[in-house]
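Report on one structure; see the data block that follows.
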Amino acid sequence: MVTLDDLKTPAKNTWCPGCGNFGILMGFKRALVQLGLDRDQVVLVSGIGCHGKIVNYVNINGFHGIHGRVLPLATGIKLANHNLTVVGFAGDADCYDEGWGHFSHAIRRNIDMTLIVHNNMVLGLTTGQTTATSQEGFKTKSTPFGSIPPALNPIAHALVSNGTFVARGYSGDMRHLVNLMVEALKHKGFAFLDVFQPCVTFNYLNTYDWFRKRVYKLEEEGHDYADIETALERSFEWGDRIPIGIFYRAERPTFRGSLPQLKEAPLRELSTEDIDITPILRTMM
Amino acid sequence: MLVFSLIVNKISVLIGGEAGAGITRSGFLFAKACLRGGLHVFGTNDYQSLIRGGHNFYIVRADAEELYSQADTIDLLLALNKETILLHKDELVPGGGIVYDAEAIALSDEELGRDDLKLYSAPLIEIVKELEGELIMQNTVALGAAVALLDYDLKILNAVLRDTFKPKVAELNVKAAKKGYDYARENYAGDFGYRLERTALGGKRKIFLTGNEAVGLAAIQAGCKFYAAYPMTPATPLLHFLAPLDREYGMIVMQAESEIAAINMVAGASFAGVRAMTATSGGGFCLMSEGLGMIGMTETPVVITLAQRPGPSTGLPTYTGQGDLRFVIHASQGEFPRVVIAPGDVEECFYKTLEAFNLAERFQMPSIIITDKYLVESHGAADPFDQDIIVSDRGLLLTDDKYMREEEYLRHRFTEDGVSPRIMPGTVGVIVRTSANEHDEHGFTTDDPELTTKMADKRFKKLDALAKYLEKYETTKLYGPHEADINILGWGSTKGPIREAMKLLRNEHLKVSYLQIIYLTPFPVASVQRILKSAKTTVVVENNKTSQLSSLINEHLLSDIDHKILKYDGRPFNPRELSQRIMDAI
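Quick note, the sequences are listed as chains A and B, same order.
Quick note, the numbering used here runs 941 ahead of the 1-based positions in the first sequence.
Quick note, the numbering used here runs 17 ahead of the 1-based positions in the second sequence.
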């Protein structure tokens, strides 16, 4: 069984003091400990951006990929060995801008993995530009007159993409976040967890204070996460009150579950010896 | 009227019609019927980027002697529409025949414009109606008529039909072929100057397949467990070939949402421990380029097939070209070692793909197979592939029992030859970490200058070991004598037309040799140098505008090529065209 100490790495953490990523990092470690997962059976996949460095800070298997491609990379890993617990970490720009083309597909395939998006509504590592989830009118170096389009709504998108686990957390509420991560990791299917994490350097608008005043917990208001219609309704709630918690949860066959060749064993354990192509060659004569 | 002597077992047949008329299928059936009669056969298609209408054709060439490509001329035209006749009548030899349906195609003497052709009209459509079959079946009626004109054995065609179609459809097609056969026998028996005869080699002994199918067979044989791709002509048929086989052979064959997704999926699958491959054409390869760099940086073994078509950009989506050689050699930012292999026929598509899998895994780098539309969609004949020649080498992939637990596992450990042992993530007690960022031996991100230099050196050090390993694989092939009047150099699918052109040049009493360069990266400097040293006249033959192979030779050997024979109209070389251009050049 893994302990918090086992999960430490020698890598020096380079996130800004007070960065919302620390909450996600600690929350994830605690979730792993709480679930009693073995660190050699978990693979962390991360993209590019401040979030991506998390691969250096958790002592489990890891693949630090390129910008926007966490989901296809994680998909390949999971399908090759479905016994592994695969967790993708992405930033809002990584997932909702550069990698947006993969988001709905991974969700509708229901790949049995977890995606945690560090959503700080700004590009941090490139020193402060707008992203898909930046608020309308948000002024950055690349949008000095304010971001023009309305922010993208990842929760609603996940719901209409037939998501089977759609949730939002807040890195300023550790206990709540750990619970969400535990539920996400336990979910059989694609678990999507968007996490508000304030960027203390480049996001002057969506601060800890801003979130603290607005977030409320769905479960405290009797939300029924089996009901897609109220889930959708809640996903559009934004402004003075912003919901966090599980929006929707359902069961649906996973992609792997629909592949009879993987019934007995993971792909990587299927024999590569004694392959005989003679029957195919015969059809070509 | 000219009198022609009877030509036996040497024919070029073109079947043409609208898209959707089953042209490729009919050509394939006819070719297979020739193959089973013991003839050497080659088949190639030509189609446009549309689903219905337009003009498609398929050329079958059959010969008692070995052959490697289509011919320049046509002896028999099976025309399912008028356009086929108008577009191809001038390719017909004097005495050539046209099978068509005069009731459906009104053809005036002026339109035909030739009086040295033989017109064999048959009521193709009426026969189909009589049989209450689909209109598409007129192509089978035409095949039956062709068999009769050539005095060939209808039983062979019937057997091929029965092996190809489901029983009910097969029987209907057998009937259609018989009707076409009977009609032609009754009306034109003994009139056509060409004949096909079963040879002593007849029977089921050769396989007849496309380059795509050969690559696919190799992937299965190699134990490739994960194939992800996004459809793009001319690589798409590979996806079609593998998809129905994945359950039986314990693979995952999946259509990704884009080429970007495909390359990242295969990288992930390979990282997790299975052999993985993707395939695309130039545009898709552009999208894969960033992923390719990640594969190079993370030292992940992946095989990529690039089936070229003419560019730039969308170019001619359904035609052939060799314009992407420099691109695959250099694609993606930064510097990292890779393997680039160019098979030249269906056999090499099989055996060289097996090598590509071994090299990718043994040296933990991307292995790229570069083909083109002409190679991957043309049908060639081969002896059934030998499954024991190239043994799977998974390199330093440590399974549980082989891993010594005394020292900590480091995914990017510095070793003598630069190759670090791989372990599958999920192995008990081991953490496997890698990064597209520059990294240390553990896989942790670094920007340390010394470590950066050391890691780049480590990755490139693998090239020395690779060069040694390649001694056991054929990286070039020499056809003809070392000392020759003309030394042709080429790569990829020009192989077939070059070997045909060599026959013609020899008839002109020229001493000619051909060096086929199979491995483009690493470049086989020594064997190319050997040829250049003894060569009197060097000729490079390529399907591109800028002669990329010449520039590579120049780069590696500081040698200029005497003559460059280039074609970049989307079409492969024809043998006579090529031999003539070579003779004109020298």
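For glycine and all other residues, C-beta sits at the position ideal for the given N, C-alpha and C.
For residue i: DSSP bridge partner residues
i               : result
S452 (chain B)  : A:H1005
E559 (chain B)  : B:L583
C241 (chain B)  : B:R292
P1184 (chain A) : A:Y1157
A1031 (chain A) : A:V1058
T1026 (chain A) : A:V983
M472 (chain B)  : BP columns for M472 (chain B) are empty, so no partner.
A324 (chain B)  : B:T388
N504 (chain B)  : B:S530 and B:T555
Pairwise C-alpha distance: residue j and residue i
i               : j               : result
A399 (chain B)  : V445 (chain B)  : 46 Å
K949 (chain A)  : D979 (chain A)  : 14 Å
S530 (chain B)  : I578 (chain B)  : 15 Å
L413 (chain B)  : G290 (chain B)  : 12 Å
A324 (chain B)  : F380 (chain B)  : 23 Å
D465 (chain B)  : E433 (chain B)  : 22 Å
I599 (chain B)  : C51 (chain B)   : 31 Å
M18 (chain B)   : N175 (chain B)  : Legend: pLDDT at M18 (chain B) = 47, less than 50; position of this residue unreliable, value from coordinates given subsequently. Each residue's alpha carbon lies about 35 Å from the other.
G114 (chain B)  : E203 (chain B)  : 17 Å
L945 (chain A)  : T492 (chain B)  : 53 Å
G1042 (chain A) : D80 (chain B)   : 51 Å
S125 (chain B)  : D502 (chain B)  : 49 Å
K562 (chain B)  : Y536 (chain B)  : 21 Å
G130 (chain B)  : I1221 (chain A) : 47 Å
D586 (chain B)  : D208 (chain B)  : 37 Å
R523 (chain B)  : M314 (chain B)  : 49 Å
D168 (chain B)  : K390 (chain B)  : 34 Å
K221 (chain B)  : K581 (chain B)  : 41 Å
E364 (chain B)  : A239 (chain B)  : 15 Å
D132 (chain B)  : G308 (chain B)  : 59 Å
L427 (chain B)  : T955 (chain A)  : 23 Å
R78 (chain B)   : L56 (chain B)   : 10 Å
D981 (chain A)  : F374 (chain B)  : 27 Å
E151 (chain B)  : A193 (chain B)  : 11 Å
T420 (chain B)  : M441 (chain B)  : In the sequence as presented, Thr is not what sits at residue 420 (chain B); that position holds Tyr. Computed Cα separation, rounded: 11 Å.
Within chain B, partners of residue i - CB distance below 8 Å
i               : result
D981 (chain A)  : P442, G443, T444, V445, G446, V447 and I448
K994 (chain A)  : T462
P1201 (chain A) : R264
I1001 (chain A) : I448
Residues that residue i contacts on chain A, provided the C-beta gap is smaller than 7 Å
i              : result
K221 (chain B) : M1226
D465 (chain B) : What D465 (chain B) touches in chain A: nothing, since even the nearest Cβ is about 12 Å away.
Chain-ordered chain B contacts of residue i [CB-CB under 7 Å]
i               : result
L1208 (chain A) : K242, F243, I269 and V291
L1211 (chain A) : K242 and G267
V984 (chain A)  : P442
L886 (chain A)  : The displayed coordinates of chain A run from 942 to 1226. Any statement about residue 886 (chain A) would go beyond what the structure contains.
Of the residues the options, the one placed nearest residue i, counting alpha carbons only
i               : options                               : result
I1185 (chain A) : A:A1108, A:I1001 and A:N1103          : A:A1108
P1090 (chain A) : A:F1079, A:T1213 and A:M1115          : A:F1079
K911 (chain A)  : A:T1142, A:G1163, A:G1180 and A:E1161 : Since the first and last residues shown for chain A are 942 and 1226, residue 911 (chain A) lies out of range.
W1151 (chain A) : A:F1137, A:F963 and A:S987            : A:F1137
L527 (chain B)  : B:K553, B:E458, B:K512 and B:L549     : B:K553
Y211 (chain B)  : B:I24, B:D481 and B:F45               : B:I24
L611 (chain B)  : B:L166, B:H257 and B:T227             : The question about residue 611 (chain B) has no answer, for chain B in this structure spans 18 to 603.
F1001 (chain A) : A:L966, A:R1197 and A:R1193           : Note on identity: in this sequence residue 1001 (chain A) is Ile, with Phe being the wrong assignment. Nearest C-alpha to I1001 (chain A): A:L966.
Y137 (chain B)  : B:D92, B:I570 and B:K512              : B:D92
E458 (chain B)  : B:P438, B:F431, B:A484 and B:L483     : B:F431
Partner residues on chain A for residue i, Cβ-Cβ distance less than 9 Å
i              : result
M311 (chain B) : G1006, I1007, R1010 and L1014
G55 (chain B)  : Ordered by position in chain A, no residue passes the 9 Å Cβ test against G55 (chain B), which lies about 13 Å from the chain.
Contacts of residue i in chain A (Cβ-Cβ under 8 Å)
i              : result
Q238 (chain B) : I1216 and I1218
G308 (chain B) : I1007 and R1010
V283 (chain B) : G1017
A286 (chain B) : G1017, I1018, L1020, A1021 and L1208
### Task
Scan the region 371 to 386 of chain B for residues whose Cβ lies nearer than 7 Å to a Cβ of chain A and list them as they occur along the chain.
none
### Task
Note down, in chain order, all residues in the region 150 to 164 of chain B with a beta-carbon under 7 Å from any beta-carbon belonging to chain A.
none
### Task
Please list the residues of the region 1040 to 1058 of chain A that have a C-beta atom closer than 7 Å to any C-beta atom in chain B, keeping them in chain order.
G1042, H1043 and H1046
### Under 7 Å (Cβ pairs) to chain A, residues found in the region 68 to 90 of chain B
none
### Query
Which residues, in order along the region 1015 to 1039 of chain A, keep a beta-carbon less than 7 Å from a beta-carbon of chain B?
A1015, T1016, G1017, I1018, L1020, A1021, N1022, N1024 and L1025
### Message
Residues of the region 398 to 429 of chain B in Cβ contact with chain A at a cutoff of 7 Å, in chain order, please.
### Response
Sequence-ordered contacts of the region 398 to 429 of chain B with chain A read P401, F402, Q404 and S409 [C-beta pairs closer than 7 Å].
### Message
Against chain B, which members of the region 953 to 975 of chain A pass a CB distance test of less than 7 Å?
### Response
none
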